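Colleague: Be aware that the sequence shown starts at 165, since it is given in this note's numbering, and climbs by one per residue.
In this text, a Cβ means the ideal position worked out from N, Cα and C, and glycines have one as well.
Keep in mind that this is a model prediction, so the values were computed, not measured.
Just passing along the structure, written as structure tokens.
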Amino acid sequence: MSTTAPTAPVSEVELVIGGMTCASCAARVEKKLNRMDGVTATVNYATEKAKVVYPAGVEISDLIATVVKTGYTAQEPAPPAPEPEDTDPELAALRQRLLVSVALAVPVVALSMAPALQFDNWQWLALTLASPVVVWGAWPFHRAAWTNTRHGAATMDTLVSVGTLAAFGWSLWALFFGDAGMPGMRERFELTVGGMDGASTIYLEVASGVTAFILLGRYLEARAKRHARAALRALMELGAKDVAVLRDGREVRIPAERLAVGDRFVVRPGEKIATDGTVVEGSSAVDASMLTGESVPVDVGVGDAVTGATVNAGGRIVVAATRVGADTRLARTARLVEDAQNGKAQVQRLADRVAAVFVPVVIGIAVATFGAWLGATGDTVAAFTAAVAVLIIACPCALGLATPTALMVGTGRGAQLGILIKGPEVLESTRRADTVVLDKTGTVTTGRMTLQEVHVAQDADEKQVLRLAGALEHASEHPVARAVAVGAEEQTGPLPAVEEFENVPGKGVRGRVEGREVAVGRLFDVLPAELARAKEEAERGGRTAVVVGWDGVARGVLAVADAVKETSAEAVRSLRALGLTPVLLTGDNRTVAEAVARAVGIDEVIAEVLPEDKVEAVRRLQGEGRAVAMVGDGVNDAAALAAADLGLSMGTGTDAAIEAGDLTLVRGDLRVAADAIRLSRRTLSTIKGNLVWAFGYNVAALPLAAAGLLNPMIAGAAMAFSSVFVVTNSLRLRAFR
Numbered sequence: 165m166s167t168t169a170p171t172a173p174v175s176e177v178e179l180v181i182g183g184m185t186c187a188s189c190a191a192r193v194e195k196k197l198n199r200m201d202g203v204t205a206t207v208n209y210a211t212e213k214a215k216v217v218y219p220a221g222v223e224i225s226d227l228i229a230t231v232v233k234t235g236y237t238a239q240e241p242a243p244p245a246p247e248p249e250d251t252d253p254e255l256a257a258l259r260q261r262l263l264v265s266v267a268l269a270v271p272v273v274a275l276s277m278a279p280a281l282q283f284d285n286w287q288w289l290a291l292t293l294a295s296p297v298v299v300w301g302a303w304p305f306h307r308a309a310w311t312n313t314r315h316g317a318a319t320m321d322t323l324v325s326v327g328t329l330a331a332f333g334w335s336l337w338a339l340f341f342g343d344a345g346m347p348g349m350r351e352r353f354e355l356t357v358g359g360m361d362g363a364s365t366i367y368l369e370v371a372s373g374v375t376a377f378i379l380l381g382r383y384l385e386a387r388a389k390r391h392a393r394a395a396l397r398a399l400m401e402l403g404a405k406d407v408a409v410l411r412d413g414r415e416v417r418i419p420a421e422r423l424a425v426g427d428r429f430v431v432r433p434g435e436k437i438a439t440d441g442t443v444v445e446g447s448s449a450v451d452a453s454m455l456t457g458e459s460v461p462v463d464v465g466v467g468d469a470v471t472g473a474t475v476n477a478g479g480r481i482v483v484a485a486t487r488v489g490a491d492t493r494l495a496r497t498a499r500l501v502e503d504a505q506n507g508k509a510q511v512q513r514l515a516d517r518v519a520a521v522f523v524p525v526v527i528g529i530a531v532a533t534f535g536a537w538l539g540a541t542g543d544t545v546a547a548f549t550a551a552v553a554v555l556i557i558a559c560p561c562a563l564g565l566a567t568p569t570a571l572m573v574g575t576g577r578g579a580q581l582g583i584l585i586k587g588p589e590v591l592e593s594t595r596r597a598d599t600v601v602l603d604k605t606g607t608v609t610t611g612r613m614t615l616q617e618v619h620v621a622q623d624a625d626e627k628q629v630l631r632l633a634g635a636l637e638h639a640s641e642h643p644v645a646r647a648v649a650v651g652a653e654e655q656t657g658p659l660p661a662v663e664e665f666e667n668v669p670g671k672g673v674r675g676r677v678e679g680r681e682v683a684v685g686r687l688f689d690v691l692p693a694e695l696a697r698a699k700e701e702a703e704r705g706g707r708t709a710v711v712v713g714w715d716g717v718a719r720g721v722l723a724v725a726d727a728v729k730e731t732s733a734e735a736v737r738s739l740r741a742l743g744l745t746p747v748l749l750t751g752d753n754r755t756v757a758e759a760v761a762r763a764v765g766i767d768e769v770i771a772e773v774l775p776e777d778k779v780e781a782v783r784r785l786q787g788e789g790r791a792v793a794m795v796g797d798g799v800n801d802a803a804a805l806a807a808a809d810l811g812l813s814m815g816t817g818t819d820a821a822i823e824a825g826d827l828t829l830v831r832g833d834l835r836v837a838a839d840a841i842r843l844s845r846r847t848l849s850t851i852k853g854n855l856v857w858a859f860g861y862n863v864a865a866l867p868l869a870a871a872g873l874l875n876p877m878i879a880g881a882a883m884a885f886s887s888v889f890v891v892t893n894s895l896r897l898r899a900f901r
């Protein structure tokens, strides 16, 4: 007999990491944390957060100390507090540094590039203007490079710092010890490495221009990252700030965070519902558009569940709180989105590994370039220019931003549309899926029995048949009876009273209505020919047929069924358009299942399946070589959702189903499943496009720089543009409809 060792308890924490400037920084922090015993960490450069799982015996202070020893800062995140778009102190400081650097660098670049502007001793003015840019403007790069050097590492900042300081240092030598400081010195600008006299060549435009370009790239990148996080920030701020709680019959306003489960609170028209709860008094229409993306308000009454952060668009209601704080749907939604943004897809892990070794390799290439040019031409200036261009153009910013920015924007946009993507791995699953298994009840259908058809005998009146049947069924609690009663009331108005009501087990109900002995169910031995045909057709179509009559004579047949959602057929067409083969999966009988499948355009049906066999059905399809996506909403779907290659859970369903799914569809509309897959695929395509650009840019640019075909300043502009392109490309996902 074997025993399994008990799993050691683990905890999880999220740390805010400060001081990271590129993907290789994130890779270094992640590597150091993962070297701690039992610690598993994922560091995301775009969100500037580390998600760390650590065992007993390791303290959060130990994790923070490891990050600090690596040369960065770490702290637990403060509770989210709303802040206006323009009050980010780091963004404001970066903007100020950028504006000053640009104002000083532009004259330096203009003087250096246009010989017509060069007056006697212009080079000393250029030095005066360039010095603050290289020392103060580029200070964040120098500081980060020095910190990393002390810890035996090299990052993107190392490349920028070494490149700009080398250009500035060469210029100082040429000005003070060479011929560049002589009055009347003139210099021409070359796009490529040219043969120039080293003693009379200065690179002040490179040192200041590259600094300004890279600061511009950093600023645009920081702004874009802030915009990318805006959807999550807006989601966190949706909730009500205060609430009118009933205390001893009086309304008392308290902060929403002080609500407790069981508290009753009043929601007036136009107010936000403070937390998840159940309506205990009144009726209204609730606008859930900001949480679900659904624009049509939903009617609610006593006994109906309502969600926190939705808006009361109708009358006054009283709600009993059922979930508060971190348990509410809004909080769970925000948590799912943030977890997804902190994760990493497989493609990003590859990019991180590349970035971690990229910088040392580039420094080696720069040294080799210098040596090769010097050996081949003996031209120190050309060798130096090519080496600096290599250093500057190779910064792997775009590589580090390719995945996180697209993931942030995609998951944030999904949250706005009522689509919750649980992690980056999910995106890769959506690309592979070729079959979509749809649970019937509650997914394709409404999950509620409704009156579908009314057939009456030749001498009977349809309204009378409905009124009498509805009145009798109103006294019963059976789902079919409720469907008949609701349908009758909608079509004929208020129903008459019932006397002498009797339930006949297994057969139906009877009683006296308006002086007639009415019976509903299987209580008639003989049916007129037209009613017998109607009953047979209804049952063949998968509907439940109910016979209605009075005074011993059958007068009509009512067909009741679980209604197909109005949007299901359109949803199935959309799923087919995405290359997915739909399959209907249900525990219901085959006749009913096939009728529903015909109504929505599904050819393949798996019916009469027990809940525990749904997993087996999914695995059987996978065994045929299919990649299976599953859409469901009930407890009995949870295992199948988990077994599928891609699980899509309807947010209107049970918690078990929602937890088991990879994608959660907040609305109960199957069309959102197609939207979710489209958004996921679009996000994955954006990530791959970003990575192709980032890799391709570096692969193409490095040889050009090493071959002397790029001036270092042009290289700096190209490097900054590369990062801005990747972030801007990701931001296009905000327009997804």
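Tell me whether PRO692 sits in a helix, a strand or coil according to DSSP, three-state version.
Modeller: Coil.
Colleague: What residue range is occupied by the uninterrupted beta strand (DSSP E) comprising ASN208?
Modeller: Note, ASN208: beta strand (DSSP E), 204-208.
Colleague: Applying the 10 Å Cβ sphere with the 16-neighbour rule, what's the burial state of LEU695?
Modeller: Buried: at least 16 other Cβ atoms inside 10 Å.
Colleague: To which residues does DSSP link GLN239 through a beta bridge?
Modeller: GLN239 pairs with VAL180.
Colleague: Taking the straight line between their C-alpha atoms, what separation do you get for TRP303 and SER593?
Modeller: Distance between the alpha carbons of TRP303 and SER593 is about 44 Å.
Colleague: Can you name, in chain order, every residue of its own chain whose Cβ lies under 7 Å from the Cβ of ARG790, other than the five neighbours on each side?
Modeller: Closer than 7 Å at Cβ, skipping near neighbours: ASP598 and THR599.
Colleague: Within the same chain, show all residues whose beta-carbon is closer than 8 Å to that of ALA424, passing over the 5 residues directly before and after it, in chain order.
Modeller: The answer, listed in chain order, is ALA485 and VAL488.
Colleague: Beta-carbon separation of ALA647 and VAL673 under 9 Å?
Modeller: No. Outside cutoff.
Colleague: Which two residues bound the contiguous beta strand (DSSP E) that contains SER640?
Modeller: Taken as a continuous stretch (DSSP letters only), SER640 belongs to no beta strand (DSSP E), as it is neither H nor E.
Colleague: Could you tell me the distance, in whole angstroms, from the CA atom of ASP361 to the CA atom of ALA547?
Modeller: Confidence at ASP361 is low in this model, with a pLDDT of 48, below 50, so the placement of that residue is unreliable and no value is reported for it.
Colleague: Taking only the alpha-carbon atoms, compute the straight-line gap between HIS315 and THR234 and give it to the nearest angstrom.
Modeller: Their backbone Cα atoms lie some 6 Å apart in a straight line.
Colleague: Name the two residues that bound the continuous alpha helix (DSSP H) containing MET349.
Modeller: MET349 -> no alpha helix (DSSP H), and no H or E assigned at all.
Colleague: Is the beta carbon of ILE527 sitting closer than 9 Å to the one on LEU329?
Modeller: Not closer than 9 Å, so no.
Colleague: Whose C-beta lies closer than 8 Å to the C-beta of VAL464 among residues of the same chain, with five residues either side of it excluded?
Modeller: Closer than 8 Å at the Cβ level, and outside the excluded window around VAL464, lie VAL443, SER447, SER448, ALA449, VAL450, VAL470 and ILE481.
Colleague: Let's test the definition: count the other Cβ atoms within 10 Å of the Cβ of LYS671 and tell me whether it reaches 16, buried, or not, exposed.
Modeller: Classification for LYS671: exposed.
Colleague: Who are the Cβ neighbours of THR524 in its own chain at under 8 Å, not counting the five residues just before and after it?
Modeller: Note that residue 524 corresponds to Pro in the displayed sequence, not to Thr. Here the set comprises ALA318.
Colleague: For the pair the segment 719-729 and the segment 609-623, tell me if three or more CB-CB distances fall below 8 Å.
Modeller: Yes, the segment 719-729 touches the segment 609-623.
Colleague: For ARG719, does the count of other Cβ atoms within 10 angstroms reach 16, so buried, or fall short, so exposed?
Modeller: Buried is the call here.
Colleague: Taking 9 Å as the threshold (C-beta atoms), are THR237 and LEU197 in contact?
Modeller: No, the Cβ-Cβ distance between LEU197 and THR237 is not below 9 Å.
Colleague: Please classify ALA245: is it buried, with 16 or more other beta-carbons within 10 angstroms of its beta-carbon, or exposed?
Modeller: Because ALA245 sits at a pLDDT of 49, beneath the cut-off of 50, its placement in the model cannot be relied upon, and the following sentence gives the value as read from the coordinates. ALA245 is exposed by the Cβ-count criterion.
Colleague: Kindly give me the distance between the Cβ atoms of LEU602 and LEU748, rounded to whole angstroms, as I take these residues to be in contact under 8 Å.
Modeller: The pair is a contact, with the Cβ atoms about 6 Å apart (cut-off 8 Å).
Colleague: For the alpha helix (DSSP H) holding HIS306, just list the boundary residues, first then last.
Modeller: Start and end: 303-314.
Colleague: Let me check understanding here. Comparing Cα to Cα, which of GLY333, ILE366 and ARG740 lies closest to MET349?
Modeller: It is ILE366 whose Cα lies nearest to the Cα of MET349.
Colleague: Just the Cα atoms here: how many angstroms apart are PRO241 and GLU212?
Modeller: For PRO241 and GLU212, the distance between alpha carbons rounds to 11 Å.
Colleague: Quick one: grab the DSSP three-state call for THR234.
Modeller: DSSP places THR234 in coil when its eight states are reduced to three.
Colleague: Taking the continuous alpha helix (DSSP H) assigned at TRP300, which residues delimit it?
Modeller: Run containing TRP300: none; DSSP gives neither H nor E here.
Colleague: Taking ASP543 as part of the beta strand (DSSP E), name the residues at either end of that continuous run.
Modeller: Taken as a continuous stretch (DSSP letters only), ASP543 belongs to no beta strand (DSSP E), as it is neither H nor E.
Colleague: Going by DSSP in three states, GLY817 sits in which element: helix, strand or coil?
Modeller: Reliability of the predicted coordinates at GLY817 is poor, the pLDDT of 47 falling under 50, and no value is obtained from them.
Colleague: Assuming PHE665 contacts ALA649 under a Cβ cut-off of 8 Å, what Cβ separation, rounded to an integer in Å, is found between them?
Modeller: Going by Cβ atoms, the distance from PHE665 to ALA649 rounds to 13 Å, so no, they are not a contact pair.
Colleague: Which runs of the beta strand (DSSP E), 3 residues or longer, sit entirely within the segment 547-632?
Modeller: With a minimum length of 3 residues, the continuous beta strand (DSSP E) runs that stay inside the segment 547-632 are 583-585, 599-603 and 609-620.
Colleague: Okay, do the segment 624-634 and the segment 652-664 touch, 3+ Cβ pairs below 8 Å being the bar?
Modeller: Output reads yes: the segment 652-664 touches the segment 624-634.
Colleague: Could you name the residues of the same chain whose beta carbon sits closer than 6 Å to that of LEU739, not counting the 5 residues immediately before and after it, in chain order?
Modeller: Once the five neighbours on either side are set aside, the close Cβ partners of LEU739 are VAL600, PRO746 and ALA838.
Colleague: What does the Cβ neighbour count give for MET165, buried or exposed, with the cut at 16 atoms within 10 Å?
Modeller: For MET165, the predicted structure reports a pLDDT of 40, less than 50, and the residue's modelled location is therefore unreliable. A value from the coordinates is still provided. Classification for MET165: exposed.
Colleague: Please state whether DSSP places PRO279 in a helix, a strand or coil.
Modeller: PRO279 falls in the helix class under three-state DSSP.
Colleague: Hey, out of ASP252, LEU179 and TRP334, whose CA is closest to VAL232's CA?
Modeller: VAL232 has its Cα closest to that of LEU179, out of ASP252, LEU179 and TRP334.
Colleague: I need the straight-line Cα distance from GLY434 to ASP777, nearest angstrom please.
Modeller: If you take the alpha carbons of GLY434 and ASP777, they lie about 47 Å apart.
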